[in-house]
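> Chains as they are written, first to last, in my numbering: chain A, -9 to 318; chain B, 112 to 188. Note that CB positions come from ideal geometry on N, CA and C, so glycine has one too. Every value quoted in this text rests on a predicted model; they were computed, and no experiment measured them.
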Amino acid sequence: MEKVIAGLGVGLLFGFVLQRGRFCMYTAFRDILLIKDLTLFKAYLLALTIQAVLIHLFEELGWLSLSAPSFVWLAAMVGGFVFGLGMTLAGGCSSSSYYRIGEGMVGSFVVVVMFIIAAGATSGGALRPLAVILRSVQVDMGESPATISHILGLSSWPLILVLFIPLALWLYLSRSAPPQRGWAWKKTGLLLGLVAALAWLASAWSGDVHYGLRMTGPSASLLFYLANGDPDSLNWGVFQIMGVPLGAFLAATWSREFQWRAPKPHRLMQQALGGATMGVGAVVAGGCNIGNSLTGIGALSLTSLVATIFLILGTWSGTYLFFVRRAG
Amino acid sequence: MAVRTLDVRGEICPDPLTLTLKAMQGLAVGDILKVIVDSPMALETISRWAQKAGHRLVGVGEPSAGQWEITIEKAAP
């Protein structure tokens, strides 16, 4: 029962904030290249900063235990890049595809269905060998966690202070064009950071593995549950991903923005291919733009940092190949 | 002064934005582009780009729920 309450509660809040903030990490990364605009990227950095400080504080208080996956550098590079390419075809990241179902976007629904199938297949099905082979290449760090702080020979707090305090100051002083109907980036970043930190507490409270917001693992678990009916697959994350479109639906209805919309058939197929590519890339990299780029980097995971760098490179390559070149 | 309308409803990201960029290239300074969008995300990105690029964001209308008309006046580069 805790899993349902914690998962749906966090998911609803997450979806609500994503919809009002029009938060999409594909757009955030793409616009740096396409129109040299940092607005959404700044919202992401703000959310990352707030979450990183809060979860390390929670750990200090004994409420959480943070962990980092092994340093699977090759899988992070390949998976991150493939996921980035997939986002450009899908027209959105995994979290924005989930939330835009709640705005009535049929294309996003197709992306999510294909993402779920591909994530399940790569995590525990036909494509599993691909993930296993790529993830077997890793740097042995012995007993030490594969964190950015460990590599630099620092403990977490000095790194957080050096990394995030100047960043927070720059973000505080920085300005962007005002929004039209959605929230300003500072409000979005602040609330997203708080929801991301709350997600860690919710996972701990529900008795699950301590981890924050994520989309990929739960998407695969949802497929396993649907296919096998095994209730053990229903972790808190599955309820969290289901809460996202619901929260976005409430936000979109409240702001009179809900409307069924569908792209042209050939675009829908492009999105389907994008969703599948994202599912494969995310499982190989051990997370998507949320599990790695927001939650993982917040916990200072080295794998998540490498995956995010390659995710951005994949986004830029895809944007150039599929859109900039074509637009001439 | 010419007025051109661009309908990007049903397009997926980033096409609403790239089609707007392309349409603006074909206009003369002082011309007006009206972009019709049905995506809250595209509404924000296109308006943000127009202001950042130095064009005049004349206004944003909402002809019906979930649809917007962005009016941009092309400025000198």
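1) Specify, as a first and last residue, the run of the beta strand (DSSP E) that Lys145(B) falls within.
2) What residue range does the beta strand (DSSP E) around Asp118(B) cover?
3) Under 7 Å Cβ to Cβ from Thr309(A), same chain only, skipping five residues before and after it: list those, please.
4) Thinking just about the alpha-carbon of each residue, which of Gly121(B), Leu130(B), Ile181(B), Val140(B) is nearest to the one in Ala187(B)?
5) Between Leu109(B) and chain A, is there a C-beta pair that is closer than 8 Å?
6) In angstroms, rounded to a whole number, what distance separates the CA positions of Leu153(A) and His140(A)?
7) For Ser283(A) and Met112(B), I'd like the C-alpha separation in whole angstroms.
8) Leaving aside the five residues before and after Ala33(A) along the sequence, list all residues of the same chain whose C-beta is less than 8 Å from its C-beta, in chain order.
9) How is the alpha helix (DSSP H) around Glu155(B) delimited, first residue to last?
10) Using the Cα positions of Gln230(A) and Gly265(A), report the straight-line distance between them to the nearest angstrom.
11) Taking the beta carbon of Glu122(B) as the centre, do at least 16 other beta carbons fall within 10 Å, making it buried, or is it exposed?
12) Give me the Cα-Cα distance between Ala329(A) and Val101(A), rounded to the nearest whole angstrom.
13) Taking DSSP as the reference, what is the three-state secondary structure of Met205(A)?
14) Hey, is Cys83(A)'s beta-carbon within less than 8 Å of any beta-carbon in chain B?
15) Along the chain, where does the alpha helix (DSSP H) that runs through Gln128(A) open and close?
16) Smallest Cα separation from Ser223(A): which of Gly110(A), Thr285(A), Leu3(A), Phe6(A)?
17) Please confirm whether Leu64(A) has its beta-carbon closer than 8 Å to some beta-carbon of chain B.
18) According to DSSP, is Gln178(B) helix, strand or coil?
19) Given that Pro169(A) touches chain B, what residues does it touch there, using C-beta distances under 7 Å?
20) Compare the C-beta of Thr285(A) with all C-beta atoms of chain B and state if any pair is closer than 8 Å.
21) Quick one: what's Glu184(B) bridged to in DSSP?
22) Quick test of your reading: Ala167(A) and Arg159(B), contact by CB under 8 Å. State the CB separation rounded to the nearest angstrom.
23) Which residues bound the alpha helix (DSSP H) around Ala50(A)?
24) Might you give, ordered along the chain, the residues of its own chain that have their beta carbon closer than 8 Å to the beta carbon of Leu236(A), omitting 5 neighbours on each side?
25) The alpha helix (DSSP H) spanning Lys254(A) covers which residue range?
26) Using a C-beta to C-beta distance shorter than 9 Å, which residues of chain B count as neighbours of Gly172(A)?
27) DSSP on Phe61(A), reduced to helix/strand/coil?
28) With 9 Å as the C-beta to C-beta threshold (strictly closer), list the residues of the segment 120 to 134 of chain B near chain A in chain order.
This is what the structure holds:
1) The sequence position of residue 145(B) within the second sequence is 34, counting from 1. Per DSSP, Lys145(B) belongs to the beta strand (DSSP E) from 143 to 148.
2) Within the second sequence, the letter at position 7 stands for residue 118(B). Note, Asp118(B): beta strand (DSSP E), 114 to 118.
3) Within the first sequence, numbered from 1, the residue matching residue 309(A) stands at position 319. Cβ within range, chain order: Arg20, Leu23, Leu24, Thr78.
4) Numbered from 1 along the second sequence, position 76 holds the residue referred to as residue 187(B). Ranking the options by Cα distance to Ala187(B), first place goes to Val140(B).
5) Since the first residue shown for chain B is 112 and the last is 188, residue 109(B) is missing from the structure and cannot be characterised.
6) Looking up residue 153(A) in the first sequence gives position 163. Looking up residue 140(A) in the first sequence gives position 150. Taking the straight line from one Cα to the other gives about 14 Å.
7) Translated into the one-based positions of the first sequence, residue 283(A) becomes position 293. Translated into the one-based positions of the second sequence, residue 112(B) becomes position 1. The straight-line gap from Cα to Cα measures roughly 46 Å.
8) Reading the first sequence from its first residue, position 43 is the one you call residue 33(A). Excluding positions up to five away in sequence, the list reads Gly11, Phe13, Ala18, Trp175, Lys176, Thr178, Gly179, Leu182.
9) In the second sequence, residue 155(B) corresponds to position 44, counting from 1. Counting along the chain, the alpha helix (DSSP H) containing Glu155(B) begins and ends at 151 to 163.
10) One-based indexing of the first sequence puts residue 230(A) at position 240. One-based indexing of the first sequence puts residue 265(A) at position 275. Taking the Cα positions, Gln230(A) is about 19 Å away from Gly265(A).
11) For the purposes of this step, residue 122(B) is identified with residue 11 of the second sequence, where counting begins at 1. Flag for Glu122(B) reads buried.
12) Since the first residue of chain A shown is -9 and the last is 318, residue 329(A) is not available in this structure.
13) Locating residue 205(A) in the first sequence gives position 215, where the first residue counts as 1. Coil at Met205(A), not helix or strand.
14) Within the first sequence, numbered from 1, the residue matching residue 83(A) stands at position 93. False, the Cβ-Cβ gap to chain B never drops below 8 Å.
15) Numbered from its first residue, the first sequence carries residue 128(A) at position 138. Neither: Gln128(A) is in no alpha helix (DSSP H) and is coded neither H nor E.
16) On the first sequence, residue 223(A) is found 233 positions in, with the first residue counted as 1. Comparing Cα positions, the closest option is Gly110(A).
17) As a first step, residue 64(A) is located in the first sequence; it is residue number 74 there, counting from the start. Not one chain B Cβ lies under 8 Å of Leu64(A).
18) Taking the second sequence and counting its residues from 1, the one referred to as residue 178(B) is at position 67. In the three-state reduction of the DSSP assignment, Gln178(B) falls in the strand class.
19) On the first sequence, residue 169(A) is found 179 positions in, with the first residue counted as 1. The answer, in chain order, is Glu155.
20) Numbered from 1 along the first sequence, position 295 holds the residue referred to as residue 285(A). With 8 Å as the cut-off, Thr285(A) does not count as an interface residue toward chain B.
21) As a working note, residue 184(B) is residue 73 in the second sequence. Glu184(B) is bridged to Ile143(B), Arg167(B).
22) The residue you call residue 167(A) lines up with position 177 of the first sequence. The residue you call residue 159(B) lines up with position 48 of the second sequence. Sure, about 5 Å apart at Cβ, within 8 Å.
23) Here the question's residue 50(A) lines up with position 60 in the first sequence. In the sequence as displayed, the identity of residue 50(A) is Glu instead of Ala. Its alpha helix (DSSP H) spans residues 29 to 50.
24) Sequence index remark: in the first sequence, residue 236(A) carries index 246 (1-based). Once the five neighbours on either side are set aside, the close Cβ partners of Leu236(A) are Leu(-2), Gly1, Leu2, Gly5, Gly92.
25) Within the first sequence, numbered from 1, the residue matching residue 254(A) stands at position 264. Unbroken run through Lys254(A): none, as it is neither H nor E.
26) Looking up residue 172(A) in the first sequence gives position 182. The answer, in chain order, is Pro151, Met152, Leu154, Glu155.
27) The sequence position of residue 61(A) within the first sequence is 71, counting from 1. Correct three-state label for Phe61(A): strand.
28) Within the segment 120 to 134 of chain B, the residues whose Cβ lies closer than 9 Å to some Cβ of chain A are Arg120, Gly121, Glu122, Ile123, Cys124, Pro125, Asp126, Leu128, Thr129, Leu130, Leu132, Lys133, listed in chain order.
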